[in-house]
Amino acid sequence: MNTPTLPPLLAANPRLDQWVRFPSPGRVAVSTGRVEIGQGVLTAMLQIAAEELDVAPERVLLQTGDTDLTPNEGYTAGSQSIQFGGVALRMVCAEVRALFLDHAAASCGYSRADLAVHDGAITHRGEPTAHDYWSLAAAVDLTRHATGQPPTKSVRDYTVVGRSAPRTDLPAKVFGGPAFIHDMVLDGIVHARVVRQPRRGATIARVDEAALRRAANGPVEIVRYGNFLAILGAEETVVEAVAAVAPNHVSWDGVDPINPFQEEARWLLQQPSIDRTIGPTPPSEPIPGTTRHEATYTRMHIAHASVAPSCGLAVFRHGKLQVWTHSQGVYPLRDALARTLKLNPAAISVKHVQGPGCYGHNGADDAATDAAVIAFHQPGKPIRVRWRREEEFAFEPVSPAMVVTAQAVVDDAGRLADWTTEIWSGRHTSRPGGGGNLLAAEALSDPPPHPPAVEGGYPPGAGTRNGEPLYDFPAKRIVHHLIAETPVRTSSLRGLGATANVFAIESMMDELAERAGQDPVAYRLSVLSDARARSVVEHVARISGWQAGLPSGTGRGRGVAFARYKNMAAYAAVVADVAVDENVRLLRVWCAADAGLVINPDGAINQLEGGIIHGASWALKEGVRLDTAGISSRDWETYPVLRFSEVPEVTVELVDPMADRPCLGVGEASGGPTVAAIGNAVAHALGARLRDLPLTRERVMAALLRA
Amino acid sequence: MEPISLIVNGSTATVTADGDTPLLDILRNHLGLVGTKFGCGQEQCGCCMVLVDGRPEKSCGKALSTVAGKAITTIEGLGTPERPHPLQQAFLDEQAGQCGYCLSGILISAKALLDHNPAPSRSQIAEALDDNICRCGSHVRILRAVERAAAQLREGGVR
Chain U
0 MNTPTLPPLL AANPRLDQWV RFPSPGRVAV STGRVEIGQG VLTAMLQIAA EELDVAPERV
60 LLQTGDTDLT PNEGYTAGSQ SIQFGGVALR MVCAEVRALF LDHAAASCGY SRADLAVHDG
120 AITHRGEPTA HDYWSLAAAV DLTRHATGQP PTKSVRDYTV VGRSAPRTDL PAKVFGGPAF
180 IHDMVLDGIV HARVVRQPRR GATIARVDEA ALRRAANGPV EIVRYGNFLA ILGAEETVVE
240 AVAAVAPNHV SWDGVDPINP FQEEARWLLQ QPSIDRTIGP TPPSEPIPGT TRHEATYTRM
300 HIAHASVAPS CGLAVFRHGK LQVWTHSQGV YPLRDALART LKLNPAAISV KHVQGPGCYG
360 HNGADDAATD AAVIAFHQPG KPIRVRWRRE EEFAFEPVSP AMVVTAQAVV DDAGRLADWT
420 TEIWSGRHTS RPGGGGNLLA AEALSDPPPH PPAVEGGYPP GAGTRNGEPL YDFPAKRIVH
480 HLIAETPVRT SSLRGLGATA NVFAIESMMD ELAERAGQDP VAYRLSVLSD ARARSVVEHV
540 ARISGWQAGL PSGTGRGRGV AFARYKNMAA YAAVVADVAV DENVRLLRVW CAADAGLVIN
600 PDGAINQLEG GIIHGASWAL KEGVRLDTAG ISSRDWETYP VLRFSEVPEV TVELVDPMAD
660 RPCLGVGEAS GGPTVAAIGN AVAHALGARL RDLPLTRERV MAALLRA
Chain F
0 MEPISLIVNG STATVTADGD TPLLDILRNH LGLVGTKFGC GQEQCGCCMV LVDGRPEKSC
60 GKALSTVAGK AITTIEGLGT PERPHPLQQA FLDEQAGQCG YCLSGILISA KALLDHNPAP
120 SRSQIAEALD DNICRCGSHV RILRAVERAA AQLREGGVR
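Take a look at the structure:
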């Protein structure tokens, strides 16, 4: 008998009862290591479990992101929750159902083939039996390991998966219930704010405690562990007021000014880098009958800029540390806290509580660590740290600036001969799982070593993500320059390198189409043999009423772009309409996406829509500003984002969402193509191309002057 | 500190706090009404929007002393799961939200709009919500939900 290879998540968490239990009559407890970050994953997981166990969704109690209760699934990131976590959960639920049916058949003398489950009750030839999951639960051993053997349900039998389900978390948010970690209340809570170390390695020179106390309109406590300085108090307003003025009353040594010109991405070109080439060596001789086209595209540092700053809570009691966080990874954070505080991981519980949408590695892990460090030193006191708005902007890790050069070799008809994407970028991954890169840990007296800059494997790549076009170039390669030292802390943000890489590739594809005298959609289809890729391009052209030959330079423009996220997740093609005078006005966006089998169609569409608006905000508005002290864009005036009156009409359609195909992650699929489609639309409107993001008024004016 | 009274969601609430305390802090930490959210503390994002005598105001920048005796409406005063305000029902019907952190402020801004303009255009709705930041990109659904609620209210909603 062949033993199927278990998916890695299941191999790492093999006990069935790590995923599914029957705690009380009529209820099923389902655990997922994935956490809700606004993407609707809990609703989709609930649908998967209800479908595969054949129980009504209302019976499912979902446990999520809790080191005491749920499987270790690492981080909820990379559009992988459904594609990997959901698939693991589906296999477990299928196996649990099969075990109960096996047991019923063996103990009651039924033929196994005649048994089925209907809302948790076991039926025989469609008729009720005396048995259900709950009556048999004591007799079926779920401590055993998954085998992955029992078949999962056929897509054509689905009644829950594939149908849009309302988000289970939305009512609490619409009625003002305590939905977020910020809303948690613990008895005897102590509010805390941290006076942040301005730079890694900086040391406190002087703390004017008297001035801090004068700013307090009530009792506060000032605590210091190494270079970690915090203000504590029972009244949040009092603590907040002291924190607001604290930087004026604390002086630091070892704070070197940074060069603010580093806010423009091109400074990367002069930096030392760790270099590597992915793909074949470049041709040594020019290819006869071809021309080489090259253009350089840039993107500034981008902030996650969650709508609210990060928050963390912790209490240390009887040698046990309990932490509440909106981190994307409770297990990696637990391990990082264990290293920081020199505790056994078993002495730490980390529980996920929802926060504002994070879109990647923002301040969440740091805020939780702040709370944990204070709590560890103040046993018995429940500590709540809520970052200040400017703290989040100034200290969250941002997405690194990037320079991307697209080099295409084509013949006069635009036929493809060779392609190179050359990428300069800081690190896109510096999550704290390894124990480093936590602000509070770095401020303690014995800081962990600074983790080295790494890029990771390709695919999926980080800075290299989507660096390889899906088009039919006979030879294509990525040349990657990883810049280890950046002026500000950088890490993962929705899409990682894909956003800038897709912008560069898809801009260049339009430039090649123009040189070949071809329509951008027709040109792409002429050099794209992947059938699923072709179908999303054709689909978006159809729903947008794409027309070839519309004149350029009229002030109105239309652009198209396509990518398959990571070249291994969902396919998405986007068309954007813009009007450009001095500013870019986004009028309408269409998107067609192929995400394989879709669990919750409305949820997937919601994510794609969100990616489009997010991408539009990146394309038109977002860029982190620097001054000599670091990040200077510390509010919504200096870090503008897309507002309601700037949002276009958006249409999203899924291609074959109920086809029996593997699920493909969708959460990051639409951002890159949206940025590129807007870039192409602006070039069409202006008759001149902007290659630096964001596409601001200043850049539009400069392009008009050049043209 | 003298006790200060205000009317929150129709009931009188008396709090003893410094008059400079932001209304947001009073609502969340003194009255336990956590539906109103902290977003920036700088009156830039709209997460903390409440109605003060019917006008939309950012509660993070409103000192307690300036709202003494005034009528405050928070998200908790809009409706309940059993008896939702048409706006709340419309947001659920349209699945208008992702992380949802911005929603209570947006619902309040929308209520303020519909209270004085029962038939707003799409661009009037967008303009009324421009003080509210949504980062997940739920804007299109939110605009649709407000239109839906407006139509519902015009057709004889009770509020």
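Protein chains in written order, with numbering that gives the first Met the number 0: chain U, 0 to 706; chain F, 0 to 158. Glycine residues also receive a C-beta, built at the ideal position from the N, C-alpha and C atoms. Since the structure is predicted, the reported quantities are computational estimates derived from the model, not experimental observations.
query                                                                                                                           : result
Spatially closest choice to valine 249 of chain U from U/Ser272, U/Leu211, U/Glu220, by CA coordinates                          : U/Leu211
One or two residues paired with histidine 479 of chain U in a DSSP bridge                                                       : U/Arg275, U/Ile422
Buried or exposed (CB count within 10 angstroms, at least 16 for buried), glutamine 546 of chain U                              : exposed
In chain order, each alpha helix (DSSP H) run of at least 4 residues that lies wholly inside the segment 422-508 of chain U     : 438-442
Chain-ordered chain F contacts of lysine 172 of chain U [CB-CB under 7 Å]                                                       : Gly96, Gly99, Leu102
Between the CA atoms of arginine 316 of chain U and valine 219 of chain U - distance to the nearest angstrom                    : 22 Å
Residues sharing a beta bridge with phenylalanine 747 of chain U, DSSP                                                          : No answer is possible for residue 747 of chain U: it lies beyond the span of chain U, which begins at 0 and ends at 706.
CB contact check: aspartate 417 of chain U to chain F, cutoff 8 Å                                                               : no
Rounded separation between lysine 620 of chain U and arginine 298 of chain U - CA only                                          : 11 Å
Segment contact flag, the segment 553-570 of chain U with the segment 614-632 of chain U, C-beta cutoff 8 Å, min 3 pairs        : no
Per-residue contacts from tryptophan 617 of chain U into chain F (C-beta, under 9 Å)                                            : Going along chain F, no residue has its Cβ under 9 Å from tryptophan 617 of chain U, so there is no contact; the nearest lies around 11 Å.
Where threonine 128 of chain U falls: helix, strand or coil (DSSP)                                                              : strand
Identified DSSP bridge partners for glutamate 752 of chain U                                                                    : Nothing about residue 752 of chain U can be read from this structure; chain U reaches only from 0 to 706.
Other residues of its chain near proline 177 of chain U: CB distance less than 8 Å, five sequence neighbours each side excluded : Ala171, Met183, Val184
Chain-ordered chain F contacts of proline 450 of chain U [CB-CB under 8 Å]                                                      : Neighbours of proline 450 of chain U on chain F: none; closest Cβ ~28 Å, over 8 Å.
Contacts that phenylalanine 179 of chain U makes with chain F (C-beta to C-beta distance below 7 Å)                             : Tyr100
Under 8 Å between C-beta atoms of histidine 427 of chain U and glycine 496 of chain U                                           : yes
C-beta neighbour in chain F for arginine 155 of chain U, strict 8 Å                                                             : no
From U/Phe99, U/Pro165, U/Thr4, U/Ala11, residue whose alpha carbon lies closest to that of arginine 20 of chain U              : U/Phe99
Minimum C-alpha distance to valine 59 of chain U - residue among U/Val699, U/Val29, U/Asp53, U/Gly629                           : U/Val29
Reduced DSSP secondary structure (H/G/I, E/B, other) of isoleucine 121 of chain U                                               : strand
Own chain residues within Cβ distance below 7 Å of proline 259 of chain U, not counting five before or after                    : Leu625, Asp626, Thr627
Segments of 4+ residues assigned as alpha helix (DSSP H) that fall wholly inside the segment 323-378 of chain U                 : 329-340, 363-376
Validate contact between the segment 482-493 of chain U and the segment 586-594 of chain U using beta carbons, cut 8 Å, 3 pairs : no
Rounded separation between alanine 707 of chain U and serine 528 of chain U - CA only                                           : With chain U running from 0 to 706 in the structure shown, residue 707 of chain U is simply not present.
Expected contact under 8 Å - CB spacing of valine 579 of chain U and valine 646 of chain U to nearest Å                         : Rounded, the Cβ-Cβ distance is 17 Å, inconsistent with contact.
Cutoff 8 Å: proline 7 of chain U Cβ touching any chain F Cβ                                                                     : no
For isoleucine 124 of chain F, the first and last residue of its enclosing beta strand (DSSP E)                                 : Note, isoleucine 124 of chain F: premise wrong, no beta strand (DSSP E); alpha helix (DSSP H) at 121-127.
Isoleucine 598 of chain U at chain F interface by Cβ criterion, 8 Å                                                             : no
With 16 other Cβ atoms within 10 Å as the buried cut-off, status of leucine 511 of chain U                                      : buried
Minimum Cβ-Cβ distance from methionine 0 of chain F to chain U less than 8 Å                                                    : no
is_contact[glutamine 151 of chain F, chain U] using C-beta, thresh 8 Å                                                          : no
Proximal chain U residues relative to threonine 79 of chain F, where beta-carbon distance stays under 8 Å                       : Phe174
First through last residue of the beta strand (DSSP E) which encompasses glutamine 62 of chain U                                : 59-63
Cβ-Cβ distance between valine 384 of chain U and glutamate 421 of chain U below 8 Å                                             : no
Sub-8 Å separation of valine 487 of chain U and leucine 268 of chain U beta-carbons                                             : no
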